[in-house]
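Student: The letter at position 7 of the sequence shown is residue 8 when you use my numbering, and the numbering goes up by one with no holes.
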Amino acid sequence: MPAEKLTKQRLLQVVIMMLLLIGAFTWRSFTYENEKTLSCIGRDQCKVKIDDHMIEIVKTSLSSYELHQVPKNWSPSSQQGEVTPIMPQSWAFQVSPNQLDKPLYVTLTDKVRVRISI
Numbered sequence: 002m003p004a005e006k007l008t009k010q011r012l013l014q015v016v017i018m019m020l021l022l023i024g025a026f027t028w029r030s031f032t033y034e035n036e037k038t039l040s041c042i043g044r045d046q047c048k049v050k051i052d053d054h055m056i057e058i059v060k061t062s063l064s065s066y067e068l069h070q071v072p073k074n075w076s077p078s079s080q081q082g083e084v085t086p087i088m089p090q091s092w093a094f095q096v097s098p099n100q101l102d103k104p105l106y107v108t109l110t111d112k113v114r115v116r117i118s119i
């Protein structure tokens, strides 16, 4: 197959695609955040240590958990259910019924999330 002549339009298309790919790679490199995932495995409760804080997670029913000894400046959250404060340094995690067959994750800080297996 003979080589085709490189036209100005084709050269412009190649340059634009290269700039687009370099821009996407650079944007993703600068916005990347390394999130640490810890596992909390136990029977009815488990403990996980994060930044010198020992967090206790207790299963209270099939779809509810309590998080104890959470530092006051942390706000736990989850996309799999509702996390609400119940006492100072304690939070309730109510899992949505359609999420019970999936691994459960609670984000404790902007860099640490916990996988719950109890």
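Built from N, CA and C at the ideal position, the CB exists for glycine as well.
All values derive from a computational prediction rather than experimental measurement.
Skipping 5 residues on each side, what residues in its chain have a beta carbon closer than 6 Å to that of Pro-104?
Tutor: Arg-116
Student: Tell me the DSSP secondary structure of Ile-23 in three-state form.
Tutor: Of the three classes helix, strand and coil, the one that applies to Ile-23 here is helix, per DSSP.
Student: Give the range of the beta strand (DSSP E) segment to which Tyr-106 is assigned.
Tutor: 105–108
Student: Mind checking Gly-24: buried by the 16 CB within 10 Å criterion, or exposed?
Tutor: Classification for Gly-24: exposed.
Student: Out of Thr-8, Ser-40, Glu-67 and Pro-98, point me to the one whose CA is closest to Met-88's CA.
Tutor: Nearest Cα to Met-88 within the set Thr-8, Ser-40, Glu-67 and Pro-98: Glu-67.
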